[in-house]
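If you read the sequence shown in the UniProt record's numbering, its first letter stands for residue 1, the second for the next number, and so on. Structure record follows, encoded as structure tokens.
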Amino acid sequence: MAADQLRSSAKPGSCSAVYSAQEIRAHSSPQDLWMTIHGKVYDVTNFAPEHPGGVEVLLDCGGVDASEAFDDVAHSDLAREMLEPYFIGYAETAAKTSSEPTVASDPEKNGLAKCSSRRKDMLRDRRRQRTAVLVLTGVAFTCVLVVMALQKIQWVSLVHR
């Protein structure tokens, strides 16, 4: 069955609905937020405020294929299950005969590059934060050792007087 036939026979939001990349891109605002993950379309408008990673992460990937960003974070099976109530249909495949670029073929136009770039920036920032915490922990531990050594030296000098 062709995508147009599926679309015309499916009710909006039904699990058999098929959406074009253009239709999905039209839903990228905080009040109307859709995204595609592995060919499935999700309306995450109501979930966005509850997202553990923050609303901005979802907004950056709104209206585009967020599969790469979703996989980069290595979501758990529970996170995948949490998506199911928001499933509204399928993304039209790249096999369509239209000359319109698909989400996968034109990342600059549809925002995927922005989504991936933002995700990479966030991951880099998290690594920097972890490194900073490790360095500060090392400095604090070294300070404790120095204080203990100085106290021991002072104690030894008092005992040997």
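C-beta: ideal position from N, C-alpha, C; glycine also. Being a predicted model, the structure only gives us computed values, none of them experimental.
Following the DSSP letters along the chain, one finds V55 in no beta strand (DSSP E) but inside the alpha helix (DSSP H) bounded by residues V55 to D60.
A48 and K152 have their C-alpha atoms roughly 56 Å apart. DSSP places G89 in the strand class (E or B) of the three-state scheme. Secondary-structure assignment with DSSP links D32 through a beta bridge to S29. V135 has no beta-bridge partner at all, per DSSP. Taking 8 Å as the cut-off, the beta carbon of L83 is found closer than this to the beta carbon of Y42. M35 counts as buried, since at least 16 other C-beta atoms from the protein chains shown sit within 10 angstroms of its C-beta. Distance from the CA atom of T131 to the CA atom of F141, rounded to whole angstroms, is 15 Å.
One alpha carbon belongs to S16, the other to L136, and they sit about 53 Å apart.
The Cβ atoms of I37 and S67 sit closer than 8 Å to each other. For K40, the beta-bridge partners assigned by DSSP are I37 and Y90.
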